[in-house]
Amino acid sequence: MQVAIPLFPRFTALDAVGPYEVLRCIPELEVVFVGHRRGEVRSDNGMLGLLCDARLDEVARPDVVVVPGGLGTRTLLDDGELLDWLRSVHPHTRYTTSVCTGSLLLAAAGLLDGLTATTHWGAVELLEHLGARYVGQRVVEVLPQRIITSAGVSSGIDMALRLVELLVDTQTAQAAQLMIEYDPQPPFDCGSLTKAGAAVRDRAAQLRR
Numbered sequence: 001m002q003v004a005i006p007l008f009p010r011f012t013a014l015d016a017v018g019p020y021e022v023l024r025c026i027p028e029l030e031v032v033f034v035g036h037r038r039g040e041v042r043s044d045n046g047m048l049g050l051l052c053d054a055r056l057d058e059v060a061r062p063d064v065v066v067v068p069g070g071l072g073t074r075t076l077l078d079d080g081e082l083l084d085w086l087r088s089v090h091p092h093t094r095y096t097t098s099v100c101t102g103s104l105l106l107a108a109a110g111l112l113d114g115l116t117a118t119t120h121w122g123a124v125e126l127l128e129h130l131g132a133r134y135v136g137q138r139v140v141e142v143l144p145q146r147i148i149t150s151a152g153v154s155s156g157i158d159m160a161l162r163l164v165e166l167l168v169d170t171q172t173a174q175a176a177q178l179m180i181e182y183d184p185q186p187p188f189d190c191g192s193l194t195k196a197g198a199a200v201r202d203r204a205a206q207l208r209r
């Protein structure tokens, strides 16, 4: 099974690399980074580059799509090439998924119209403006439409583990979790808006600028 992860300028690195680290462990899955052109694409702060192995038009029937987020999503909301690619591949995928603000691109392509979905907390209003119904959960599944969205950045790891369960089996997903030793024990309990106080939310808003 082929998993396509589209890259674009100013993507958020962990949105792509988190799911990649889970999915690459599975022999049944082949992960390919795709983009408008082959070659290096730089992350949102410009400090990290990943390589696109194929152009969008070279990957016409992926089994799974994982769309990362990042500041670069905003400039792609009317990008015909990427949105048309999402529209064309989705009817043939087993699952079309997103991490963080990658859901904005799914919505802009019309794939989330009227569906529940999630995104980074800073993009909720825009997601709803694009036709989705926001749900404040870490991973949101709409399995009849084969859509799975995940919230900010680190939630892509959770989503990828769920994908492995759906595509292979539960034990394999658990083994993938063990392989990457994904056993979160953060020093703080403020990883969502519902858990963070006003001062922390204000500081986070400052850091996003």
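Throughout the sequence shown, residue numbering follows the UniProt record's numbering, covering 1 to 209 in sequence. For each residue, glycine too, the CB sits at the ideal point set by N, CA and C. Predicted model, so just to flag it, every value in this text is computed and none were measured.
Inter-residue CB distance, proline 19 and valine 99 (contact presumed, cutoff 8 Å): Indeed, because the Cβ distance is near 7 Å, the residues count as touching under 8 Å.
Threonine 194 to proline 184 span [Cα, whole Å]: Taken atom to atom, the span from the alpha-carbon of threonine 194 to that of proline 184 is near 19 Å.
Start and end of the alpha helix (DSSP H) containing glutamate 128? For glutamate 128, the enclosing alpha helix (DSSP H) has its first and last residue at 124 to 129.
Could you please give the first and the last residue of the uninterrupted beta strand (DSSP E) stretch that includes proline 6? Here the beta strand (DSSP E) through proline 6 covers 2 to 6.
With distances taken from CA atoms, which of Leu83, Val164, Thr73, Arg208 is nearest aspartate 57? When each option's Cα is compared against that of aspartate 57, the closest is Leu83.
Start-to-end residues for the beta strand (DSSP E) that takes in tyrosine 95: Its beta strand (DSSP E) spans residues 95 to 99.
Give me the Cα-Cα distance between residue 210 and glutamine 177, rounded to the nearest whole angstrom. The shown model of the chain, from 1 to 209, leaves out residue 210, and the question about it has no answer.
Would you kindly report the start and end of the unbroken alpha helix (DSSP H) that includes residue 284? In the structure displayed, the chain extends from 1 to 209; residue 284 sits before or after that span and is not available.
Start and end residues, alpha helix (DSSP H) containing threonine 170: That run of the alpha helix (DSSP H) goes 170 to 179.
Glycine 191 versus Ile180, Val164, Ser155, Leu23, residue with shortest Cα-Cα distance: Shortest Cα-Cα distance from glycine 191 to any of Ile180, Val164, Ser155, Leu23 involves Ser155.
Between valine 34 and alanine 54, how many whole angstroms is the CB-CB distance? I'm expecting something under 8 Å. Right, their Cβ atoms sit about 5 Å apart.
Selected residue, minimal CA-CA separation from threonine 12, among Tyr182, Arg74, Gly110, Pro91: If we check each option's Cα against that of threonine 12, Arg74 comes out closest.
So, helix, strand or coil for phenylalanine 21, using DSSP? With the sequence shown as reference, residue 21 is identified as glutamate, and phenylalanine is not the correct amino acid for it. Looking at glutamate 21 - three-state DSSP - the assignment turns out to be helix.
To the nearest angstrom, how far is the alpha carbon of arginine 133 from that of alanine 117? CA-to-CA, the gap between arginine 133 and alanine 117 works out to about 6 Å.
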